[in-house]
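Q: Let me give you the structure first, and then I'll get to my questions.
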Amino acid sequence: MKSVLSAITASVALSLASGAQAETLRLLTWGSYAPDNVIEMFEEKYPDIDVEVTYSNNEEMIAKLRATGGAGFDLAQPSHDRIYAAQLEFDIYKPLDLSQIDTSNMTPKLLDGVKENATIDGEVYAVPHQWGTTGLMVNTAEAPDVKSWGDLCDPAYQGKTSMRLKRTILLATAYSLGEDPFAAYSDLDKYQGILDDVTEKLIECKDNIKAYWQGGDDLSAMMLSGEIVASESWDSTAYKLFGENPDIKFVPPATGALAWIDTFVLPRKGKADDAAYKWINFVLQPEIVELMSASTGAIASINGAADLLPADKKAAVNAAFSDADIDNLKFFANIPPGVEDMEGKALEKIKAATGG
Amino acid sequence: MTEHAFDLECIDVSRQFGSVRAVDNVSLSIPRGSFFSILGPSGCGKTTLMRMIAGFENPDHGDIRIKGKSVLKAAPNKRNVKMVFQHLALFPMMNVHDNIAYGLRCAGVPAAEITRKVQDVLERVALPDVAKRDIQQLSGGQKQRIAIARCMVLDPDVLLLDEPLGALDLKLREAMKIELKLLQHQFNTTFVYITHDQSEALVMSDQVAVMNQGRFEQVGTPQMLYQQPETAFVAGFVGDANLWHGKVESMTELGAVLRTPAGTALQARLAGSQRCRVGDEVNIYTRPEFMSVLPSGGETSNNAGTRGTAGADNVLEGRVDSVLFNGANSRLLIRTAEQALVEADVTLTGGSDDIKPGEAVKLQWSMQQTLCFPASAAQAS
Amino acid sequence: MVDAADSVLPCICGTGELIAVGSDIRKLSLLLLFLPFSLWILLLIILPHVGMVVLSLREKVAPRVYEFGFGNYIDFFMEPIYWNTLIRTGLMSLLVTFLALLIGFPVAYYIAKLAGNRTKGMLFMLCLIPLWVSDLIRAFGWILLLRESGIISSFLMSSGLIDTPIEFLYTDATVIMGLVYTVMLFMIVPLVSTLDGMDNAMIEAGYNLGGNGFTVLRRIIIPYAMPGIVSGCIVVFMMTAGSYLTPILMGGKNSSWFTEQIYDQFISRYNWESGAAFGFLLLAFTSVVVWLGLKLSGQTLSSTVAKS
Chain X
5 MKSVLSAITA SVALSLASGA QAETLRLLTW GSYAPDNVIE MFEEKYPDID
55 VEVTYSNNEE MIAKLRATGG AGFDLAQPSH DRIYAAQLEF DIYKPLDLSQ
105 IDTSNMTPKL LDGVKENATI DGEVYAVPHQ WGTTGLMVNT AEAPDVKSWG
155 DLCDPAYQGK TSMRLKRTIL LATAYSLGED PFAAYSDLDK YQGILDDVTE
205 KLIECKDNIK AYWQGGDDLS AMMLSGEIVA SESWDSTAYK LFGENPDIKF
255 VPPATGALAW IDTFVLPRKG KADDAAYKWI NFVLQPEIVE LMSASTGAIA
305 SINGAADLLP ADKKAAVNAA FSDADIDNLK FFANIPPGVE DMEGKALEKI
355 KAATGG
Chain A
9 MTEHAFDLEC IDVSRQFGSV RAVDNVSLSI PRGSFFSILG PSGCGKTTLM
59 RMIAGFENPD HGDIRIKGKS VLKAAPNKRN VKMVFQHLAL FPMMNVHDNI
109 AYGLRCAGVP AAEITRKVQD VLERVALPDV AKRDIQQLSG GQKQRIAIAR
159 CMVLDPDVLL LDEPLGALDL KLREAMKIEL KLLQHQFNTT FVYITHDQSE
209 ALVMSDQVAV MNQGRFEQVG TPQMLYQQPE TAFVAGFVGD ANLWHGKVES
259 MTELGAVLRT PAGTALQARL AGSQRCRVGD EVNIYTRPEF MSVLPSGGET
309 SNNAGTRGTA GADNVLEGRV DSVLFNGANS RLLIRTAEQA LVEADVTLTG
359 GSDDIKPGEA VKLQWSMQQT LCFPASAAQA S
Chain E
411 MVDAADSVLP CICGTGELIA VGSDIRKLSL LLLFLPFSLW ILLLIILPHV
461 GMVVLSLREK VAPRVYEFGF GNYIDFFMEP IYWNTLIRTG LMSLLVTFLA
511 LLIGFPVAYY IAKLAGNRTK GMLFMLCLIP LWVSDLIRAF GWILLLRESG
561 IISSFLMSSG LIDTPIEFLY TDATVIMGLV YTVMLFMIVP LVSTLDGMDN
611 AMIEAGYNLG GNGFTVLRRI IIPYAMPGIV SGCIVVFMMT AGSYLTPILM
661 GGKNSSWFTE QIYDQFISRY NWESGAAFGF LLLAFTSVVV WLGLKLSGQT
711 LSSTVAKS
């Protein structure tokens with residue numbers, strides 16, 4: 005209830021504010037995806053554009069845009085799997101004018117992958133910005149044997165592991181059970197069967213979990229204090245902790261790390277498309293990518309982006325990934341309508357189960 | 009075991025609050041079935057004394073006995089002393105029946121008996137039909153009676169009343185005075201009544217204690233307090249009085265001859281056990297009803313329009329400043345040569361010889377009705 | 411409000427032109443005074459709720475295709491997880507309310523009846539302190555204190571009382587403790603204001619007429635304070651049942667709180683329709699509990715919440 009109220013008030017406030025200044029770029033993005041130094045450089049280059057940033061996550065981005073029918077923001081950055089179904093159901097994005105975007109230096113594999121996922125009726129709705137993975141974060145001194153998703157449920161680490169109770173862990177567990185959940189998206193009955201097995205497995209596992217983490221901060225605190233020794237984690241979070249404790253490493257699970265690509269999309273009622281295109285082109289320049297990656301820990305979707313990572317992150321990535329791991333990445337597939345509901349129910353069941 | 013003659017005794021009771029001695033060595037004993045008042049100005053310690061009797065305060069020193077037994081160790085709810093509070097403290101969330109039944113329930117009286125006793129006490133306070141009413145539906149006088157009934161139903165040894173008439177309007181207060189006295193007779197229980205209103209105390213009480221600055225100034229019947237005040241405070245506080253300051257010029261067998269600063273000579277007798285010597289500063293009191301008012305130059309003392317005794321030990325000349333008409337109790341304000349206002353009671357008949365403002369008059373009164381107290385005693389208000 | 415003014419108007423107007431003008435001005439100023447409030451109620455409370463009702467009665471049949479129906483409500487009753495969570499939330503909230511009353515009553519009694527003026531103010535400030543920091547910061551504070559590697563656990567370890575660290579977080583007891591702490595002020599304020607209005611003589615009369623401490627508490631103080639008790643309980647119960655951050659942050663893996671499910675429906679599952687239905691079910695549930703509480707205690711809304 006509260007969130008709807010705040011969404012409405014926020015949109016009222018924002019639409020009032022937007023009337024006054026045409027040259028404001030209202031950016032809806034992830035924490036650390038708009039570092040101050042990049043904004044300063046952008047505003048220096050385009051003095052007539054003001055950048056306003058709202059930090060959010062996938063779910064909230066879509067909820068915010070849905071509340072207003074795509075108004076209130078000029079540029080948003082949901083993950084690549086959150087575009088197709090969201091657009092079909094809620095009509096919150098507008099097609100991109102690809103001629104305005106310099107795609108020449110984009111990693112072709114990522115650009116094509118995103119285009120494939122985000123094309124409706126021949127119109128492209130998203131281009132890639134940065135990508136990263138979700139895998140395991142392991143304190144290798146305490147838990148050297150954690151190699152796969154299933155190891156989080158190993159009784160040897162009773163009460164010393166963690167995960168985030170969101171759809172990622174459902175998919176990860178499906179892989180660890182030998183299934184291919186993305187392939188099953190086309191057959192929802194089959195997918196429900198997989199989900200039931202996953203639910204059962206994760207309820208069993210609940211006893212082994214110390215707590216479900218909510219965000220990077222509580223995960224980091226638990227890991228650094230030694231309260232947990234292994235957890236599901238974003239790679240960027242793991243890289244940050246690697247800097248503080250070299251025993252803490254990102255481990256791509258045996259079944260492959262799950263890869264996500266954060267994209268650029270234009271909200272349907274955005275008012276500053278030109279400024280938005282300028283921002284997209286601006287942040288994909290190699291010298292800006294370097295600054296951006298230092299802030300986010302994620303890799304930009306341009307050629308040679310890995311080399312633009314700051315040295316400490318590069319070391320962390322090298323410690324984590326071999327070439328084989330890169331080949332084994334599992335990119336999130338588009339979420340077909342209805343799947344979020346199925347997954348949501350599974351998550352509720354796990355949460356409500358009394359595992360200890 | 010014989011029944012103890014006194015329902016309530018206080019023996020050398022003291023109570024100190026910080027540097028203030030609220031109650032200072034007070035002793036009293038109240039015989040069975042009497043109406044006893046403690047009269048004093050606010051802040052004199054009478055409420056503290058009452059709270060100690062009820063058990064809400066403990067004396068620093070002294071003993072309190074009810075029916076001969078010390079109650080100092082008994083908690084308030086274990087003393088058979090009930091109290092009617094200043095604002096009555098009826099329980100607004102209970103109806104009349106429950107208010108009265110509260111004490112009986114606390115005592116574990118069986119339900120059937122409670123109903124009977126409540127009805128019985130309601131009839132005794134002449135409110136037989138209000139049992140089911142809410143407190144808010146009662147009039148001021150009815151509340152008063154319910155508050156008394158709530159205590160009396162418990163058959164207390166002593167009933168304390170803490171200025172319960174203060175909140176009522178004048179008319180009702182006059183009526184309640186009589187009613188309280190009747191109720192006390194009817195229940196034949198010892199009432200201890202606290203008030204700052206002398207008329208309440210005088211009208212209702214068998215005995216009155218006048219209290220000032222934590223001490224009892226005098227204990228006695230209303231008549232005694234009025235006619236033979238033992239201290240200047242009592243003389244000034246109980247009833248009306250004209251006051252002069254003066255110096256003792258000579259002592260006689262009957263009293264003293266005094267002279268005011270303006271040079272007027274007055275004769276007075278020494279009150280109670282007071283002593284003074286020649287040269288002492290004294291205060292002199294005379295009640296207005298003892299002053300005879302005569303037309304100026306008149307010789308006889310049995311002139312129409314005056315009342316009071318005819319003794320002419322003291323004489324003052326003056327002029328009537330104003331007439332306060334109140335039927336049989338009318339009063340004159342007379343400005344004397346000393347420029348002081350003297351009050352004197354007269355009966356105005358409405359005839360042509362009634363005294364009018366501006367007339368020159370002569371005041372005279374007997375030294376028997378003139379009391380002097382050494383001025384070192386507390387100043388009268 | 412305007413209606414009420416209108417109905418008064420004719421009898422005033424009869425007395426003359428001047429008064430009629432005056433009453434017009436009064437009417438206008440009354441209107442202006444209530445305008446922001448009415449707008450606030452209308453725009454931010456009534457309209458969204460009407461929207462929510464409409465939303466909750468839509469069933470999704472296909473992308474961007476909806477049908478009128480009670481499916482979202484039926485779903486709730488068909489799925490034990492949902493109503494179990496609601497009942498659990500309700501029971502825990504009742505427990506929190508009860509504990510807050512149990513702890514708050516003596517404190518309120520002390521503030522209203524025993525404390526001096528200065529102590530009174532200080533104690534009120536103490537109750538206010540939890541509200542000076544946001545929910546989030548407060549919850550994080552607790553987390554720092556109670557976690558396995560937190561201050562209390564380390565202190566107990568270093569003092570030799572325990573050998574292995576203890577996790578105080580992530581239990582129902584922690585959630586209840588956190589909630590009680592948060593809502594305490596809302597219990598104490600109405601209690602203090604009713605107890606303040608109670609003549610001390612009433613308590614003394616209770617003793618004087620033969621009651622012991624327990625009787626006086628049960629027969630006099632509590633019945634007298636009942637409007638405050640009920641009003642505090644209503645506010646606290648509503649706040650607790652509707653709270654979100656404290657149960658989520660402190661509850662750990664087994665903390666199912668109904669608001670979390672509403673949030674999940676709205677945000678994670680994009681299912682606004684059933685989120686709206688859940689929201690209304692929570693509103694209905696808490697209303698029924700409050701209504702039952704009023705019935706059982708023999709109070710009315712106007713004698714409790716409106717008064718304190």
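Chains X, A and E, in that order, give the protein sequences.
Residue numbers for the first sequence follow our numbering, beginning at 5 and rising by one.
Residue numbers for the second sequence follow our numbering, beginning at 9 and rising by one.
Residue numbers for the third sequence follow our numbering, beginning at 411 and rising by one.
Glycine residues also receive a C-beta, built at the ideal position from the N, C-alpha and C atoms.
Keep in mind that this is a model prediction, so the values were computed, not measured.
(1) Identify the contact partners of Glu683 (chain E) in chain X, using a Cβ-Cβ distance below 7 Å as the criterion.
(2) Could you tell me which of E:Phe647, E:Ile451, E:Glu670 sits nearest to Tyr654 (chain E), measuring between CA atoms?
(3) Out of curiosity, what's the CA-to-CA distance linking Leu18 (chain X) and Gly117 (chain X)?
(4) Where does Ser166 (chain X) fall in DSSP's three states?
(5) Three or more C-beta pairs closer than 8 Å, one from the stretch 90–105 of chain X and one from the stretch 235–242 of chain X: is that the case here?
(6) Residues in its own chain within less than 6 Å of Ala320 (chain X) by CB, not counting five upstream and five downstream?
(7) Pop quiz: Ile644 (chain E) and Gly703 (chain E) are said to be a contact at Cβ under 8 Å. What is the actual Cβ separation, rounded to whole angstroms?
(8) Less than 8 Å between CB atoms is the rule here; does Asp416 (chain E) satisfy it with respect to chain X?
(9) Can you find a CB in chain X that lies within less than 8 Å of the CB of Asn622 (chain E)?
(10) Comparing alpha-carbon positions, which option in X:Leu313, X:Leu295, X:Lys282, X:His84 lies nearest Lys49 (chain X)?
(11) Taking Val92 (chain A) and Cys18 (chain A) to be in contact with their CB atoms under 8 Å, please state how far apart those CB atoms are, rounded to whole angstroms.
(12) Helix, strand or coil: which one does DSSP assign to Cys157 (chain X)?
(13) Could you give the first and the last residue of the continuous beta strand (DSSP E) run that contains Cys114 (chain A)?
(14) Should Gly247 (chain X) be listed as close to the ligand PLP, given that the test is whether its C-beta is under 7 Å from any heavy atom?
(15) Tell me the rounded alpha-carbon separation between Gly116 (chain A) and Lys75 (chain A).
(16) The alpha helix (DSSP H) with Thr669 (chain E) in it runs from where to where?
(17) Would you call Thr710 (chain E) buried or exposed, if buried means 16 or more other Cβ atoms sit within 10 Å of its Cβ?
(18) Going along the chain, which unbroken runs of the alpha helix (DSSP H) with 4 or more residues stay wholly within the stretch 222–280 of chain A?
(19) Give me the Cβ distance between Trp552 (chain E) and Gly514 (chain E), rounded to the nearest whole Å; I'm assuming they're in contact under 8 Å.
(20) Looking at the C-beta of Lys90 (chain A), does it have a partner C-beta in chain E at a distance below 8 Å?
(21) Between the stretch 266–279 of chain X and the stretch 341–356 of chain X, can you find at least three pairs of beta-carbon atoms closer than 8 Å?
(22) In chain order, what residues of the same chain lie with their CB nearer than 8 Å to the CB of Gly621 (chain E), ignoring the 5 residues before and after it?
(23) Under the rule that 16 or more other beta-carbon atoms within 10 Å means buried, what is Val471 (chain E), buried or exposed?
(24) What residues from the stretch 606–620 of chain E come within 7 Å of chain A, judged by C-beta to C-beta, listed N to C?
(25) Identify every residue that forms a DSSP beta bridge with Arg30 (chain X).
(26) So, at 8 Å on beta carbons, what are the nonlocal neighbours of Ile96 (chain X) in its own chain, with the 5 sequence-adjacent residues on each side left out?
(27) Looking at the structure shown, is Lys119 (chain X) part of a helix, part of a strand, or coil, going by DSSP?
(28) With a threshold of 16 other CB atoms inside 10 Å of the CB of Ala368 (chain A), please say whether the residue is buried or exposed.
(29) Helix, strand or coil for Arg59 (chain A), going by three-state DSSP, please let me know.
(30) Alpha carbon to alpha carbon, how far is Val28 (chain A) from Leu80 (chain A)? Give it in angstroms, no decimals.
(31) What residues are listed by DSSP as bridge partners for Tyr141 (chain X)?
(32) Straight-line CA distance for Thr123 (chain X) to Tyr129 (chain X)?
(33) Out of X:Ser190, X:Arg168, X:Phe77, X:Glu294, state which residue places its alpha-carbon closest to the alpha-carbon of Tyr362 (chain X).
(34) Rounded to the nearest angstrom, what separates Pro446 (chain E) and Phe534 (chain E) at their Cα positions?
(35) Do Gly222 (chain A) and Val31 (chain A) have their C-beta atoms within less than 8 Å of each other?
(36) Could you name the residues of chain A that Thr581 (chain E) contacts, counting a contact when the two beta carbons are closer than 7 Å?
A: Short version:
(1) Here residue 683 (chain E) refers to the residue found at position 273 when the third sequence is read from its first residue. Under the 7 Å cutoff, chain X gives no residues; its nearest Cβ is about 11 Å from Glu683 (chain E).
(2) One-based indexing of the third sequence puts residue 654 (chain E) at position 244. The option with the nearest alpha carbon to Tyr654 (chain E) is E:Glu670.
(3) Residue 18 (chain X) sits at position 14 when you count from the first residue of the first sequence. Residue 117 (chain X) sits at position 113 when you count from the first residue of the first sequence. Its pLDDT being 48, under 50, Leu18 (chain X) is placed unreliably in this model, and the value from its coordinates should be taken loosely. Looking at the two C-alpha atoms, the distance is approximately 34 Å.
(4) As a position in the first sequence, residue 166 (chain X) is number 162, starting the count at 1. Of the three classes helix, strand and coil, the one that applies to Ser166 (chain X) here is strand, per DSSP.
(5) no
(6) Numbered from its first residue, the first sequence carries residue 320 (chain X) at position 316. For Ala320 (chain X), where only same-chain residues beyond five positions count, the Cβ hits under 6 Å are Tyr243, Phe246.
(7) Along the third sequence, one-based indexing puts residue 644 (chain E) at 234. Along the third sequence, one-based indexing puts residue 703 (chain E) at 293. Indeed, because the Cβ distance is near 7 Å, the residues count as touching under 8 Å.
(8) Within the third sequence, the letter at position 6 stands for residue 416 (chain E). Low confidence applies to Asp416 (chain E): its pLDDT is 41, below 50, so where it sits in the model is not reliable, and the reading given next is rough at best. Output row for Asp416 (chain E): interface = no.
(9) Here the question's residue 622 (chain E) lines up with position 212 in the third sequence. No, no contact with chain X.
(10) Translated into positions along the first sequence, residue 49 (chain X) becomes position 45. It is X:Lys282 whose Cα lies nearest to the Cα of Lys49 (chain X).
(11) The residue given as residue 92 (chain A) occupies position 84 in the second sequence. The residue given as residue 18 (chain A) occupies position 10 in the second sequence. The Cβ separation is near 19 Å, so there is no contact.
(12) Counting from 1 along the first sequence, the entry for residue 157 (chain X) is found at position 153. Of the three classes helix, strand and coil, the one that applies to Cys157 (chain X) here is helix, per DSSP.
(13) On the second sequence, position 106 is the one that residue 114 (chain A) refers to. Unbroken run through Cys114 (chain A) is the alpha helix (DSSP H), 104–114; no beta strand (DSSP E).
(14) Among the components of this structure there are no ligands whatsoever, and the ligand PLP is therefore not found.
(15) For this step, residue 116 (chain A) is matched to residue 108 along the second sequence. For this step, residue 75 (chain A) is matched to residue 67 along the second sequence. Spanning the two alpha carbons is a distance of roughly 23 Å.
(16) On the third sequence, residue 669 (chain E) is found 259 positions in, with the first residue counted as 1. Note, Thr669 (chain E): alpha helix (DSSP H), 668–673.
(17) Counted from its first residue, the third sequence places residue 710 (chain E) at position 300. Under this definition Thr710 (chain E) is an exposed residue.
(18) 230–235, 240–245
(19) As a first step, residue 552 (chain E) must be located in the third sequence, where it is residue number 142. As a first step, residue 514 (chain E) must be located in the third sequence, where it is residue number 104. About 19 Å separates the two Cβ atoms, so there is no contact after all.
(20) Position 82 of the second sequence holds residue 90 (chain A). Yes, Lys90 (chain A) lies at the interface with chain E (some Cβ there is under 8 Å from its Cβ).
(21) no
(22) Locating residue 621 (chain E) in the third sequence gives position 211, where the first residue counts as 1. Arg629, Ile630, listed in sequence order.
(23) Against the third sequence, residue 471 (chain E) aligns to sequence position 61. Exposed: under 16 other Cβ atoms inside 10 Å.
(24) Asp609, Ala611, Met612, Glu614, Ala615, Tyr617, Asn618, Leu619, Gly620
(25) Start at 1 with the first residue of the first sequence, and residue 30 (chain X) comes out as number 26. According to DSSP, which records beta bridges pairwise, Arg30 (chain X) is partnered with X:Glu56.
(26) Position 92 of the first sequence, counted from the start, is the residue given in the question as residue 96 (chain X). Closer than 8 Å at the Cβ level, and outside the excluded window around Ile96 (chain X), lie Ile66, Leu69, Arg70, Gly73, Gly74, Ala90, Pro271, Arg272.
(27) Counted from its first residue, the first sequence places residue 119 (chain X) at position 115. Lys119 (chain X) falls in the helix class under three-state DSSP.
(28) Position 360 of the second sequence holds residue 368 (chain A). With fewer than 16 other Cβ atoms within 10 Å, it is exposed.
(29) Mapped onto the second sequence, residue 59 (chain A) falls at position 51. Correct three-state label for Arg59 (chain A): helix.
(30) Along the second sequence, one-based indexing puts residue 80 (chain A) at 72. Along the second sequence, one-based indexing puts residue 28 (chain A) at 20. Between Leu80 (chain A) and Val28 (chain A), the C-alpha separation is close to 22 Å.
(31) The sequence position of residue 141 (chain X) within the first sequence is 137, counting from 1. This sequence places Met at residue 141 (chain X); Tyr is not what is there. X:Ser235, X:Phe254.
(32) Here the question's residue 123 (chain X) lines up with position 119 in the first sequence. Here the question's residue 129 (chain X) lines up with position 125 in the first sequence. The straight-line gap from Cα to Cα measures roughly 6 Å.
(33) No answer is possible for residue 362 (chain X): it lies beyond the span of chain X, which begins at 5 and ends at 360.
(34) Walking along the third sequence from the start, residue 446 (chain E) turns up at place 36. Walking along the third sequence from the start, residue 534 (chain E) turns up at place 124. C-alpha separation (whole angstroms): 30 Å.
(35) Taking the first residue of the second sequence as position 1, residue 222 (chain A) is located at position 214. Taking the first residue of the second sequence as position 1, residue 31 (chain A) is located at position 23. Contact: yes.
(36) Within the third sequence, residue 581 (chain E) is the residue found at index 171, counting from 1. Those do not exist, as Thr581 (chain E) stays about 40 Å from chain A at its closest Cβ, beyond 7 Å.
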